[in-house]
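In order, the protein sequences belong to chains Z and A.
Offset between the first sequence (1-based) and the numbering used here: plus 85.
Offset between the second sequence (1-based) and the numbering used here: plus 142.
Ideal Cβ positions, reconstructed from N, Cα and C, are used throughout, including at glycine.
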Amino acid sequence: MLDTIFFYLFALLVVGGGILTITRSSAVHSAICLIGSLVGVAGLYLLLHAEFLFAVQIVLYIGGIMVLFLFVIMLVNLDEAARERQFNGQWWLALACVVVVGLQIAWFMRKGAGAFKLAPAAAAAASAAKGNTEAIADALFSEYLLPFEIASVLLLVAVVGSVVMAKKRI
Amino acid sequence: MEFIVISLVKAAIVAAVLMTTLAYLQWVERKVIAHIQLRMGPSRVGPHGLLQPLADVIKLITKEDLIPPHVNKFFYLLAPFLAVTMALLSISVIPFGSEVELFGYKTWMQMTDLNVGVLFVLAVSSMGVYGIALAGWASNNKYALLGGLRSSAQMISYELPMSLAIAAPLLLANTLSLREIVQSQGDHLFAWSIFKLPAPQLISFVIFLIAGFAETNRVPFDLPEAENELVAGFHTEYSSMKFAAFFMAEYANMVTVSCMTSILFLGGWQPLFPVSLGSNFVAPALFALGGSLCLYHGLHPARRKDRYTLPVFAAIFFGIALALLAPPVARVVMPLFWFAAKAGFLLFCFIWVRGTLPRFRYDQLMGFAWKFLFPVAVLNLLVTSLLVAVF
């Protein structure tokens with residue numbers, strides 16, 4: 086009961102925050118709404134007993150990335166952009182895209198309806214007893230070691246690349 | 143039902159103690175700074191200025207609550223609220239002592255124990271930066287904006303060495319729950335993480351403390367509110383209780399950092415040396431010493447009223463010392479005493495450093511974090527994990 090109430094609360098936060106992010110005209114307001122949306126996602130993780138993901142979501146996305154977003158927005162003068170018209174009258178094109186994508190999703194969900202089922206309860210109980218953090222570490226460093234390392238190399242490439250592009254002389 | 147009642151009682155106690163600590167920490171700071179600078183400090187309101195915090199609170203509440211016309215009202219009002227909430231939230235996972243039995247109820251001296259307690263404190267403290275950044279932006283004032291920007295850049299930079307410094311003792315403790323971290327450390331100095339074999343964490347202790355100073359915007363890292371260049375930084379436009387909220391947030395963050403340092407590195411509520419060697423007698427001995435000093439000065443009074451007041455205090459101190467000798471009292475109070483002693487010493491260090499060091503220049507601050515602190519923290523983490531893996 087309580088779980089359901091909190092689920093709808095967080096879901097509202099995620100969807101509402103997302104909609105406000107793209108409709109607000111002030112960039113700072115948009116960033117704050119995006120933070121609200123991310124907080125909602127963190128809350129959903131907590132409801133799923135993924136405490137580690139909850140904490141990491143807040144530390145990385147809200148405490149790290151969004152602070153940098155806000156930092157840049159505050160530094161850049163966005164008054165000019167805010168005064169321009171935000172909606173440029175191509176709503177019929179957008180509507181067509183939404184309808185097509187919606188139909189696509191509906192079709193695939195109908196086709197793969199058999200794949201949607203709840204995870205077996207035994208696995209969840211085992212991971213709860215073991216501790217969420219250990220379970221993630223086990224999966225990440227044994228089963229998914231190669232994708233994990235490839236992702237970290239990719240991030241390193243991005244960091245080095247941005248430094249090279251931003252600096253004229255190294 | 144019982145759980146809810148016990149939790150409410152614990153929350154009330156923690157909130158009351160924390161608020162008193164915050165108010166008197168400011169008195170202690172003014173007194174210590176004054177004595178470092180060979181002044182008297184507050185001395186008018188009450189004996190030794192002891193009622194000064196109360197007077198300050200009354201002043202802050204009754205001051206005019208001004209909202210400048212050029213601010214962004216919603217975020218201007220949200221910012222102090224956010225700062226103080228995030229600062230007070232992290233105290234809820236701090237374990238102050240071991241399990242106690244009071245009136246037949248068994249409970250831990252901790253509001254709640256999360257199995258990701260360390261990450262929770264990091265997450266909450268990283269959200270605290272929004273209070274400051276938004277305050278700077280919403281004030282619509284260039285000094286406030288510069289203060290807010292400086293603080294967000296500083297807090298993000300110092301969060302990295304801080305997280306790496308936390309990771310090293312976690313390798314020794316092998317858990318993320320704050321209660322279990324304390325339990326994994328022993329009851330003497332060389333079983334605390336800071337000196338524990340195979341990997342003494344002295345370096346990460348120092349890194350954590352330095353990063354903690356920066357995260358709480360204290361001297362020598364108080365660039366966000368450098369008064370000679372930025373007026374008052376991010377809280378230039380704030381008055382009355384909204385200013386007090388930022389003030390409280392800063393002191394609450396200091397308390398959190400001190401508590402986290404003593405839990406991660408100094409063994410939390412564990413005593414300095416084992417109970418079998420008589421560590422339970424340290425607190426009574428200190429109180430007895432205070433009592434004897436009062437008694438001596440009461441018998442050789444410098445002022446006429448000392449002849450009556452000081453012996454009364456001596457009697458109170460001796461009474462406390464005797465009460466602490468009783469085993470049931472000692473079982474409850476001793477862990478609290480050791481925890482408070484460690485956290486109190488660290489808080490004193492905060493004030494001591496403020497009275498000693500000048501402020502950094504901004505490029506020095508950033509260079510120090512990225513070019514010195516961060517590599518050292520990485521190296522320390524690598525060496526620690528190697529030592530833990532080998533032994």
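Proximity below 8 Å, CB of residue i to CB of residue j
| i | j | result |
| --- | --- | --- |
| A/L529 | A/P340 | yes |
| A/L306 | A/L523 | yes |
| Z/A127 | Z/I104 | no |
| A/V174 | A/G486 | no |
| A/A286 | A/F376 | yes |
| A/S346 | A/A519 | yes |
| Z/E136 | A/L256 | yes |
| Z/L119 | Z/T108 | no |
| A/I308 | A/V260 | yes |
| A/E379 | A/V226 | no |
| Z/A112 | Z/I150 | no |
| A/S267 | A/S232 | yes |
| A/A165 | A/V199 | yes |
| A/T526 | A/A333 | no |
| A/V258 | A/L318 | yes |
| A/L302 | A/F514 | no |
| A/P362 | A/L499 | yes |
| Z/A91 | Z/A116 | Looking at the sequence provided, one finds Phe at residue 91 of chain Z rather than Ala. Not a contact, by the Cβ cut-off of 8 Å. |
| A/K248 | A/S381 | no |
| A/P189 | A/W169 | no |
| A/M253 | A/P477 | no |
| Z/H114 | Z/N217 | no |
| A/V133 | A/D329 | With chain A represented from 143 up to 533, any question about residue 133 of chain A goes unanswered, as that position is not in the structure. |
| A/V105 | A/G420 | Because chain A here runs from 143 to 533, residue 105 of chain A falls outside it and cannot be looked at. |
| A/G270 | A/M228 | yes |
| A/C401 | A/I236 | yes |
| A/F415 | A/L331 | yes |
| Z/L225 | Z/F233 | yes |
Cβ shell of residue i (< 7 Å), same chain only, five flanking positions each side left out
| i | result |
| --- | --- |
| A/M508 | S299 |
| A/D364 | R501 |
| A/A456 | G433, C436, L437 and G440 |
| A/T358 | E392, N395, M396 and V399 |
| A/I203 | M383 |
| Z/G102 | C118, L119, G121, S122 and G125 |
Beta-bridge pairing of residue i - partner residues as DSSP gives them
| i | result |
| --- | --- |
| Z/K58 | This structure cannot speak to residue 58 of chain Z, because chain Z is shown only from 86 to 255. |
| A/L313 | Answer is none; A/L313 lacks a bridge partner. |
| A/V242 | A/T249 |
Sequence-distant residues of the same chain with beta carbon closer than 6 Å to residue i, five excluded per side
| i | result |
| --- | --- |
| A/A534 | For chain A, the structure presents residues 143 to 533; residue 534 of chain A sits outside this window and is missing. |
| A/W480 | W411 and P413 |
| A/G354 | V399 |
| Z/L131 | F139 |
| A/Y272 | L224 |
| A/V474 | V242 |
| A/A511 | S299 and Y300 |
| Z/I181 | Reading off the sequence shown, one finds Ala at residue 181 of chain Z, where the question assumed Ile. Hits under 6 Å: none found. |
Sequence-distant residues of the same chain with beta carbon closer than 8 Å to residue i, five excluded per side
| i | result |
| --- | --- |
| Z/V99 | S122, G125, V126 and L129 |
| A/R360 | E392, M396, F492, V495 and R496 |
| A/L160 | L230, I233, A394 and V397 |
| A/L452 | C436, L437, H439, G440 and P443 |
Does the stretch 271-286 of chain A come into contact with the stretch 232-252 of chain A, if we say contact requires no fewer than three beta-carbon pairs (one atom in each stretch) closer than 8 Å? Touching, no, given that fewer than three Cβ pairs across the two stretches are closer than 8 Å.
Three or more C-beta pairs closer than 8 Å, one from the stretch 414-428 of chain A and one from the stretch 455-471 of chain A: is that the case here? Cβ pair count under 8 Å is three or more, so yes.
Going residue by residue through the stretch 176-218 of chain A, where are the continuous alpha helix (DSSP H) segments of at least 4 residues, counting only ones entirely within it? If we require 4 residues or more, the alpha helix (DSSP H) runs fully inside the stretch 176-218 of chain A come out as 194-204.
Contained beta strand (DSSP E) runs [length at least 3] in the stretch 297-345 of chain A, N- to C-terminal order: Runs of the beta strand (DSSP E) lying entirely within the stretch 297-345 of chain A and spanning at least 3 residues: none are present.
Give the list of continuous alpha helix (DSSP H) stretches no shorter than 4 residues that lie fully inside the stretch 368-407 of chain A. Whole alpha helix (DSSP H) segments, 4+ residues: 369-372 and 382-406.
Closer than 8 Å, Cβ to any Cβ of chain D: which residues of the stretch 133-162 of chain Z, in chain order? Although the question refers to chain D, the structure presented lacks it and instead comprises the protein chains Z and A.
Can you check the stretch 487-512 of chain A for any alpha helix (DSSP H) of at least 4 residues that lies completely inside it and give the ranges in chain order? You should have 504-509.
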